[in-house]
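Visitor:
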Amino acid sequence: MDALVVRRLGDPTLAPGGEASPFAPVTGDHPAPALASPTSVRVRVAATSLNFATYLQVQGKYQERPALPFVPGSDYAGFVDAVGPAVRRFRPGDRVCGLAAVGSFADLIVADEKQLFSVPDGCDLVAAGALPVAFGTSHLALVHRAQLKAGQVLLVLGAAGGVGASAVQIGKVCGAVVIAVARGTEKLQYLKTIGADHVIDSSKESIMESAKSFLKAKGLKGVDVLYDPVGGKLTQDSLKLLNWGAHILIIGFASGDVPIIRANIALVKNWTIHGLYWGSYFTHRPPVLIDSLNELFSWLSKGLIKIQISHTYRLPEAHLAFAALRDRKAVGRRVSPVHRRRIAPRFVAGDDPHFLLAGYCLCVLLLRSYLASKLLPKCRSLAAIKQLHAHLLHYAHRASFPYNHFLSKLLSLFTSSSSSSAAAAASDYALLLLASHSAPTAFSYNVAIRFFASSRPHTSLRLFLHMLRSAIRPDSYTLPFLLLAAARYPAPSLARAAHALLGKIGLNGHDHTVHSLITMYSYLDDPGAARKVFDGIPTRDVVSWNAMMKAYGRVGMNGEVGRMFRDMVKEGTVAPNAVTVAVVLAACRDQGDLVLGRWVEEWSWSARMEMDSLVGSALLGMYEKCGEIAEARRVFDTIIDKDIVAWNAMITGYAQNGMSNEAISLFHSMRIAGMRPDKITLAGVLSACSAVGALELGSELDGYASRRGLYSNVYVGTALVDMYAKCGDLDKAIEVFRKMPCKNVASWNALICGLAFNGRGDEAIQHFQLMRNEEGLKPDDITFIGVLSACVHAGLVKDGKRWFNSLTPEFQIIPKIEHYSCMVDLLARSGHLEEAWDFIEKIPDKVDAVMLGALLAACRKCKNVEIGERVINRIIQLEPTNSWNYVVSSKIYASSGRLDDSAKMRGPMRERGVNKTPGCSWVEISGKVLEFYAGDEPQHGADDMYQESDSRLPPGYINLIRSHIGPNAIATNCSIESCLEVTQEIQNLR
């Protein structure tokens, strides 16, 4: 392969191959790197960047000196060429980017799976090669650390450099007012084109005077965030512009001295000073790094940020690119531009790789792969695919055709097609492509078989047969995915035939193949066969044990998982790892086996197993499912380097166990810790907001979901609809519902139930009818709870009866207690008390207090003592400690003149120690939910509530309320007449 090899340290601006040059001649005979481990990924480089650190590295002046000879490295992007057997995130043909200290200035580079990031299809791959460090550093600094907000003032020093220019663009995306400092007219003009609000030439004018003049003209006080990749005196002078509470971001300096910031001034000004090194996030906060790059990719694909390509060079001309970097000619302008049409023919003919100078970066471009990657995603038909295929074959020898990449892209494009005929045609074309290739390899077939194994297993089986007919011997990478396809088909006979084939070709002893056999039999619901395979393994490793435990867990045999774990520990030959513990804890969770779960935790501590996110999340999930929330929180607090999975597990656990305030509080702690919420976080927190009416926080999360494009996630959208509906903002719930591109049954249920429970029954019925017209959606039991509740509120007795009677015959739904309760409530509210009682009598085994309570309330309204007495006797037997039952019963007797019977209801209350439950209200203040109970005692948070109310309500409101309900309570036992009087006077104030 071609590679830029540094044979000695020296001046990188000298042409490769020269006597004094540090570079060896570019001859194309450099050995291709091999996969170094099971998790290694080999990437065919499409673009790599050159920054000043690389320039220093070749001279031996950088802080890290690789051993000679070496290939320089930096940010890079490309296509996956091959993967190790344990790689799960990537497959050949995937678009990726990463950072390498050495090795990326070559055709191929090998990296560990964890060091690579997926590049979305809509994102330019050349730009991705210059994105991670420059834009990644600025994004982490401004968005994650300083939390730059719209309207704040950002001052960027050294703004024409790669890091500085990225900060300017990110600042504009965040809505900040950006002041950019650089030297030279051309650089200032470049900064204006990328959106800087004010530019300062530090070689000609004072930063202080120019910035102050601009701020005064705009009515701004000062600078909120100082972004400093320069250092020295320039930084120290700029400190005078900072506001109280400003952020100072120290990025690292290519020139200038480290600035001196006096501690006493920083304390008085309450400044926050951040030191930031992008690479350290790999070790300490990888989830933050991934979220940062994902958002940058999203911005890049939407055109919110841009990376300008300024020049192209052939690989032997690398010294010219280094010279341009040395002379600062690569900053903010083009250098000897070359039109792309002149590059493309040379590219497809197999010439040397080229260099693209992008801003501060030098990008290596393999144009043949570039053409395929740029044009192939734009093909929307098989005819267009064939055209591109013909074009590439016309300009390339068959041996140099980008076969594996083209095949992978072809398959990924059409297997997602909604048209079965188009998908079938693409599959047939893929078979023709394989058959027509002059020298297909096992790797080529493995790409296709792996891709189809889960989505279209029958196609994988066809490809495998074609492979055998082509006399290509399957290898250890082929069989695992063949077994998966045989399991997913599903065809037990084919699966067993595949098993038999293993022995015939001598691969039945290969570790990965045997583990895939175990998985295959678990998918076929044949744990006995899986166990036979496991028992036949002569030397089991931890992966073997884990595969068998997962197989048991997949078929619901959770008890066997626990027994296997005990056997594994007792045997002592193989030590369980974190995956083992997570699998066992998942089984304990599903089975509710708290005893075994505690024992597994004790064993983990005794084995000195680190409580990382994988084990910790599984353990706290087990405790949550078993109702031990305090234990779950204890585990959560011990997890080292919590990732988003751990935070989500704890937040969701709180929300699902009715501890909504704790869930919201933990969410605030998560944001303080610097973790970025994802779709799972939002669903959990929104559920908590729904429970306590935290509309302010819910609306904030709505805005976040909209900015991050999470409306497309059906779970987030459904949670938002549910939150708005339960908080009473139905118009907003409908608005969010209509924005959702994809809706499932739960989405419709959230809206229908929300409308029904808020008294808008007619609209709920209308949406139910719309739901029935949706293809592929079938109403479930929750849907009909909403429909029947809508009938209750709209008084639709006949419709309610019709829908209830159609549950089983038309929709195959067995009525639940909630459906019966709705019917009783419907009949009772419409005055059909006798019919409601007869309805209850027909379902004696399903009667509960909610159902009887609805009828009791209707008896009080209709003053029907006869049926009321029947209900009283039943409901007090079911709920002898509920004060509401006694109070309403007493009022029914009192309203009919039976005062003695009314008074008698107080006696059982005293005998049983039943106290009247006080009224309760929730008030949300600054994102916190305060809870108040009826009474005259001062309550925690009341002062905050009154202060906030005073600032939001017109004069006279608060004094009026306090005069009626007391100075210290939000909810009191005041009479209905008093409440009506307050309402009337409030309306008069308006």
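One point on numbering: in the numbering used here, the residue at position 593 of the sequence shown is 647, and numbering is uninterrupted.
Every residue gets a Cβ at the ideal spot worked out from N, C-alpha and C, and that includes glycine.
Just so it is clear, the structure is predicted and the values come from calculations on it, not from any experiment.
#1: Grab me the residues of Gly773's own chain with a C-beta within less than 7 Å of its C-beta, minus the 5 sequence neighbours each way, in chain order.
#2: Roughly how many angstroms separate the alpha carbons of Val596 and Glu625, rounded to a whole number?
#3: Keeping to the same chain, check which residues put their C-beta closer than 6 Å to that of Ala545; ignore five residues upstream and five downstream.
#4: Once DSSP output is grouped into helix, strand and coil, what is the label at Cys1127?
#5: Please give me, in chain order, every unbroken run of the alpha helix (DSSP H) with length at least 4 that falls completely inside the segment 609–665.
#6: Does the Cβ-Cβ distance between Leu194 and Trp332 come in under 8 Å?
#7: Please list the terminal residues of the continuous beta strand (DSSP E) segment that includes Ala204.
#8: With respect to 7 Å, is the separation between the Cβ of Asp65 and the closest non-hydrogen atom of the ligand GDP below this value?
#9: Mapping DSSP to helix, strand and coil, what is Gly808?
#10: Tell me, to the nearest whole angstrom, how far the beta carbon of Glu682 is from that of Leu648; I am working on the premise that it is less than 8 Å.
#11: Let's see if you can read the secondary structure: which residues bound the alpha helix (DSSP H) around Ala759?
#12: Quick test of your reading: Ala1071 and Val97, contact by CB under 8 Å. State the CB separation rounded to the nearest angstrom.
#13: Less than 8 Å between the C-beta atoms of His198 and Ser346, yes or no?
#14: Helix or strand or just coil, what does DSSP make of Ala57?
#15: Would you list, in sequence order, the uninterrupted alpha helix (DSSP H) runs of no fewer than 4 residues that lie entirely inside the segment 506–570?
#16: Where does the unbroken beta strand (DSSP E) through Arg98 begin, and where does it stop?
#17: Ignoring anything shorter than 3 residues or poking outside the segment 107–178, list the beta strand (DSSP E) runs there in chain order.
#18: Could you check what DSSP says for Gly357 in three-state terms: helix, strand or coil?
#19: With a CB to CB cut of under 6 Å and the five nearest residues on each side skipped, what residues in its chain are close to Ala583?
#20: Measuring straight from C-alpha to C-alpha, what distance separates Arg952 and Val941?
#21: Can you say whether Asn767 is buried or exposed, counting buried as having 16 or more other CB atoms within 10 angstroms of its CB?
#22: Which residue's Cα is closest to the Cα of Leu303: Leu280, Phe865 and Asn318?
#23: Bridge partners for Leu236 per DSSP, in chain order?
#24: DSSP on Tyr575, reduced to helix/strand/coil?
#25: Where does Val322 land, buried or exposed, given buried means 16+ other C-beta within 10 angstroms?
#26: Have a look at Leu849 and Leu887 and give me their C-alpha separation to the nearest angstrom.
#27: Let me make sure I understand the geometry here. Which of Tyr109, Lys115 and Ala154 has the alpha-carbon closest to that of Ser128?
#28: Quick one: Cα of Ser103 to Cα of Ala184, how far?
#29: When burial is assigned at 16 or more other CB atoms within 10 Å of the CB, is His338 buried or exposed?
#30: Using three-state DSSP, classify His328 as helix, strand or coil.
#31: So, helix, strand or coil for Gly225, using DSSP?
#32: Looking at the unbroken alpha helix (DSSP H) that takes in His722, where does it start and where does it end?
#33: Helix, strand or coil for Val699 per DSSP?
#34: My output table needs one value for Asp595: the three-state DSSP class, helix, strand or coil.
#35: Under the assumption that Ala100 contacts Leu179 (Cβ atoms under 8 Å), give the Cβ distance between them as a whole number of angstroms.
#36: From His328 to Ser267, what distance separates their C-alpha atoms?
Guide: A quick look at the data gives this:
#1: As a working mapping, residue 773 is identified with position 719 in the sequence shown. The residue asked about is misnamed: residue 773 is Ala in this sequence, not Gly. Taken in chain order, the residues that qualify are Leu736, Ala737, Leu740 and Ser741.
#2: Here residue 596 is taken as the residue at index 542 of the sequence shown, counted from 1. Here residue 625 is taken as the residue at index 571 of the sequence shown, counted from 1. Rounded to the nearest angstrom, the two C-alpha atoms are 12 Å apart.
#3: The residue you call residue 545 lines up with position 491 of the sequence shown. The beta carbon of Ala545 sits closer than 6 Å to no other beta carbon from its chain once the five residues preceding and following it are set aside.
#4: This structure cannot speak to residue 1127, because the chain is shown only from 55 to 1044.
#5: For the segment 609–665, whole alpha helix (DSSP H) runs of length 4 or above, ordered along the chain, are 612–625, 632–645 and 648–660.
#6: Your numbering for residue 194 matches position 140 in the sequence shown. Your numbering for residue 332 matches position 278 in the sequence shown. Yes, these two residues count as a Cβ contact at 8 Å.
#7: Here the question's residue 204 lines up with position 150 in the sequence shown. First-last for Ala204: undefined, no H or E at that position.
#8: In the structure shown, the ligand GDP is absent, as is every other ligand, since no ligand is present at all.
#9: Reading the sequence shown from its first residue, position 754 is the one you call residue 808. If DSSP states are grouped into helix, strand and coil, Gly808 belongs with the helices.
#10: If you number the sequence shown from 1, residue 682 lands on position 628. If you number the sequence shown from 1, residue 648 lands on position 594. That pair is a contact at about 7 Å.
#11: Position 705 of the sequence shown holds residue 759. Element bounds for Ala759: Leu749 to Arg761.
#12: Nothing about residue 1071 can be reported from this structure: the residues present for the chain run from 55 to 1044 only.
#13: Residue mapping note: residue 198 aligns to position 144 of the sequence shown, counting from 1. Residue mapping note: residue 346 aligns to position 292 of the sequence shown, counting from 1. Contact: yes.
#14: For the purposes of this step, residue 57 is taken as the residue at position 3 of the sequence shown. Here Ala57 sits in strand by DSSP.
#15: 511–523, 532–542 and 546–559
#16: Residue mapping note: residue 98 aligns to position 44 of the sequence shown, counting from 1. It spans Ser94 to Thr102 - the beta strand (DSSP E) in which Arg98 sits, taken as one unbroken run.
#17: DSSP runs (the beta strand (DSSP E)) wholly in the segment 107–178: 129–137, 149–153, 162–166 and 170–172.
#18: Locating residue 357 in the sequence shown gives position 303, counting from the first residue. Coil, per DSSP.
#19: As a position in the sequence shown, residue 583 is number 529, starting the count at 1. Cβ neighbours of Ala583 within its own chain (closer than 6 Å, five residues either side excluded): Tyr575.
#20: Within the sequence shown, residue 952 is the residue found at index 898, counting from 1. Within the sequence shown, residue 941 is the residue found at index 887, counting from 1. Their Cα atoms are separated by approximately 14 Å.
#21: In the sequence shown, the residue the question calls residue 767 occupies position 713. Buried.
#22: The residue labelled residue 303 in the question sits at position 249 within the sequence shown. Among Leu280, Phe865 and Asn318, the Cα nearest to that of Leu303 is on Leu280.
#23: Here residue 236 refers to the residue found at position 182 when the sequence shown is read from its first residue. Strictly speaking, residue 236 in this sequence is Ala, with Leu absent from that position. Paired residues: Asp255.
#24: What you label residue 575 is simply residue 521 of the sequence shown in a count that begins at 1. The answer is helix: DSSP assigns Tyr575 an H, G or I state.
#25: Along the sequence shown, one-based indexing puts residue 322 at 268. Label assigned to Val322: exposed.
#26: Counted from its first residue, the sequence shown places residue 849 at position 795. Counted from its first residue, the sequence shown places residue 887 at position 833. Per the sequence presented here, residue 849 reads as Gly, with Leu not at that position. Whole-angstrom Cα-Cα distance: 14 Å.
#27: Here residue 128 is taken as the residue at index 74 of the sequence shown, counted from 1. Comparing Cα-Cα distances from Ser128 to each of Tyr109, Lys115 and Ala154, the minimum goes to Ala154.
#28: Reading the sequence shown from its first residue, position 49 is the one you call residue 103. Reading the sequence shown from its first residue, position 130 is the one you call residue 184. Roughly 5 Å separates the two Cα atoms.
#29: What you label residue 338 is simply residue 284 of the sequence shown in a count that begins at 1. By the neighbour-count rule (16 or more Cβ atoms within 10 Å), His338 is not buried but exposed.
#30: Looking up residue 328 in the sequence shown gives position 274. Reduced to three states, the DSSP call for His328 is strand.
#31: Along the sequence shown, one-based indexing puts residue 225 at 171. Here Gly225 sits in helix by DSSP.
#32: In the sequence shown, residue 722 corresponds to position 668, counting from 1. Element bounds for His722: Ser714 to Ile726.
#33: Residue numbering aside, residue 699 sits at position 645 when the sequence shown is read from its first letter. The answer is helix: DSSP assigns Val699 an H, G or I state.
#34: The count along the sequence shown starts at 1 and reaches residue 595 at position 541. Coil, per DSSP.
#35: Numbered from 1 along the sequence shown, position 46 holds the residue referred to as residue 100. Numbered from 1 along the sequence shown, position 125 holds the residue referred to as residue 179. Right, the Cβ-Cβ distance comes to about 5 Å (below 8 Å), so this counts as a contact.
#36: Within the sequence shown, residue 328 is the residue found at index 274, counting from 1. Within the sequence shown, residue 267 is the residue found at index 213, counting from 1. For His328 and Ser267, the distance between alpha carbons rounds to 28 Å.
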